[in-house]
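The numbering used here numbers the first residue of the sequence shown as 45 and each following residue consecutively.
What follows is one structure encoded as C-alpha cells, with my remarks underneath.
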Amino acid sequence: MNDDKQTLNKRETLMGHIYVFLFFFVTTVACCLAIFMWNSDFRMFEQKEFVKIKMDRIKDFQQEQADSQLAIDSLFRKIETFEPGVHAKYEEDDIHYLINNLRNTYERNSWDKRYKLFMHVADFYSMWLSDKKQLWSIEQNIQLFKANLEECEIGLQKKVEDLRSGTKK
Numbered sequence: 045m046n047d048d049k050q051t052l053n054k055r056e057t058l059m060g061h062i063y064v065f066l067f068f069f070v071t072t073v074a075c076c077l078a079i080f081m082w083n084s085d086f087r088m089f090e091q092k093e094f095v096k097i098k099m100d101r102i103k104d105f106q107q108e109q110a111d112s113q114l115a116i117d118s119l120f121r122k123i124e125t126f127e128p129g130v131h132a133k134y135e136e137d138d139i140h141y142l143i144n145n146l147r148n149t150y151e152r153n154s155w156d157k158r159y160k161l162f163m164h165v166a167d168f169y170s171m172w173l174s175d176k177k178q179l180w181s182i183e184q185n186i187q188l189f190k191a192n193l194e195e196c197e198i199g200l201q202k203k204v205e206d207l208r209s210g211t212k213k
C-alpha cells in the first residue's frame, strides 16, 4: 500500500506541476496580449509610422512639383510663342512631348489623387495649343474671304462701269 501512495503522490505532483505550468503559460499569454495589443502606446507607434509614410509621400509630391515646374514654365513659353503659320513641325512635336511628360507624371502615380493636377495641366495646355491652331486657321479663312470679297467688289464695280458706259453710247 505504501507503493501505491507513493506512485499516486508522484502522479499528483506531476499533475500539479503541469497545472501550474499551464496556469503560468495562460497568464503570460494573457498579459502579453493585454500589454502589446490593447496598449495605446503600441498603437501610437503604428500611427507614427503611418504619419511618417504620409509625410514622405507629401515630400515626394512636392519634389515632383518642383521638378515639373521648369517643364511647365517652358511649355507655357513654347505655346505662347507658337505660331501655327510657321511650318515648324519640330516645335509642335516638342510641345506634345512636354504635354505627354506631364500626363505620364500622373499615370505613374495615379493612385494618389493629388497627381491628377498634372493631368489637368496637361489637358489645359493641350486645349490651349489646339485652340491656338484653330484660331489661326479661322483667321486665315477670314483673310481669304476678305480677299475674295475685295476681288468680287472690284469685279462688280467694273461690271457696273461697263454697263453704265455701254448705256451712254
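We put the beta carbon where it would ideally sit given N, CA and C, even for glycine.
- Of the residues assessed, residue 150 falls on the buried side of the cut-off, its CB having 16 or more other CB atoms within 10 angstroms.
- Rounded to whole angstroms, the gap between the alpha carbons of residue 69 and residue 163 is 59 Å.
- Secondary structure at residue 172: helix, using DSSP grouped into helix, strand and coil.
- If you compare the alpha carbons of 192, 177, 155 and 112 with that of residue 124, the shortest gap goes to 177.
- Distance from the CA atom of residue 148 to the CA atom of residue 184, rounded to whole angstroms, is 35 Å.
- Nearest to residue 161 by alpha-carbon distance, out of 117, 171, 146 and 173, is 146.
- Take the alpha-carbon of residue 143 and the one of residue 122: they are about 11 Å apart.
- If you draw a 10 Å sphere on the C-beta of residue 58, you find fewer than 16 other C-beta atoms in it, and that means exposed.
- Only buried fits residue 165, as 16 or more other CB atoms lie within 10 angstroms of its CB.
- For residue 182, there are no CB contacts under 8 Å within the same chain when 5 residues up- and downstream are skipped.
- In the structure shown, residue 81 adopts coil according to DSSP, grouped into three states.
- A buried status is given to residue 139, since no fewer than 16 other beta-carbon atoms sit within 10 Å of its beta-carbon.
- Residue 173 is a Cβ neighbour of residue 126, given a cutoff of 9 Å.
- A distance below 7 Å between beta-carbons, with the five flanking residues on each side excluded, links residue 118 to the following residues of its chain, in chain order: 142.
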